[in-house]
């Protein structure tokens with residue numbers, strides 16, 4: 435039962451929003467599926483850290499969910515900034531149940547045990563957000579803390595997944611980073627960063643926390659194996 439992670443698949447089976455127009459994204463759905471099937475088994479779990487579908491509603495995103503549900507493994511889905519289909523937890527759970535998407539699960543203000551670790555986290559927010567976004571930042575920081583606390587209640591090691599990077603270049607989202615430090619988290623995986631921005635992504639040890647970029651193009655559309663223990 436291995437754990438894998440990836441972010442930003444930006445699927446668009448039902449809407450006209452092809453990512454292939456961007457450099458490096460040519461034939462990306464095929465590449466993602468082939469790499470996924472090569473690595474992931476039905477007993478494994480894959481975290482998808484946001485920007486799952488370009489669909490504006492659950493119904494518009496239905497074909498994208500069907501694609502993911504048909505891939506091997508269980509999928510733990512976090513919210514991204516482009517997931518406009520995201521509604522209430524109850525509505526999403528019910529939609530998955532009604533459509534037989536049995537391998538998909540939303541992670542929101544909670545945590546999920548996978549072997550010896552507890553998957554937790556939230557969307558996060560802009561690392562360079564201004565005063566106008568303070569309410570959003572504080573809300574997201576609270577969600578990150580709530581999810582980490584839920585992870586700790588399992589007795590397992592919390593591993594945090596965010597959509598936005600908590601640190602980027604020489605900038606940092608202080609409120610969310612403080613939660614990560616206060617809670618003693620030693621691993622954070624994040625997405626959102628694409629293209630030329632990847633060269634500025636902070637990876638490896640940062641203030642005693644291991645940071646890893648998992649955006650689709652950052653991983654060459656290949657789910658990343660997440661070890662059960664930190665490697666720093």
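In this note's numbering, the protein residues as written are 435 to 666.
Virtual Cβ for every residue (Gly too), placed ideally from N, Cα, C.
### Query
Quick one: any contact between the region 615–625 and the region 592–601, if contact means 3 or more CB pairs under 8 Å?
Flag = yes, the region 615–625 and the region 592–601 touch.
### Task
Look up residue 554 in the DSSP assignment and give the residues it is bridged to.
Residue pairing of residue 554 in beta bridges, as defined by DSSP: 594.
### Task
Give the DSSP-derived three-state secondary structure of residue 462 in the structure shown.
It is helical.
### Task
Quick one: residues in its chain with C-beta nearer than 7 Å to the C-beta of residue 538, no 5 flanking neighbours on either side, listed in chain order?
499, 502, 503, 509, 511, 530
### Message
With a threshold of 6 Å on Cβ separation, who are the neighbours of residue 548 within its own chain once the five nearest residues in sequence on each side are excluded?
### Response
437, 479
### Message
For residue 543, which residues in the same chain have their Cβ closer than 7 Å to its Cβ, ignoring the five residues on either side in sequence?
### Response
577, 580, 581
### Query
Count the other CB atoms within 10 Å of the CB of residue 536; is the residue buried (16 or more) or exposed (fewer)?
Its Cβ having fewer than 16 others within 10 Å, residue 536 is exposed.
### Task
Spell out a yes or no on whether the region 631–645 and the region 596–610 are touching, meaning 3 or more CB-CB pairs, one atom from each, closer than 8 Å.
Contact holds: three or more Cβ-Cβ distances are below 8 Å.
### Query
Skipping 5 residues on each side, what residues in its chain have a beta carbon closer than 8 Å to that of residue 657?
438, 439, 440, 469, 470, 473, 474, 480.
### Task
Use the C-beta contact count for residue 655: other C-beta atoms within 10 angstroms, 16 or more gives buried, fewer gives exposed.
buried
### Query
Is residue 525 near the ligand ATP, with its Cβ less than 7 Å from a heavy atom?
This structure simply doesn't include the ligand ATP, nor any ligand for that matter.
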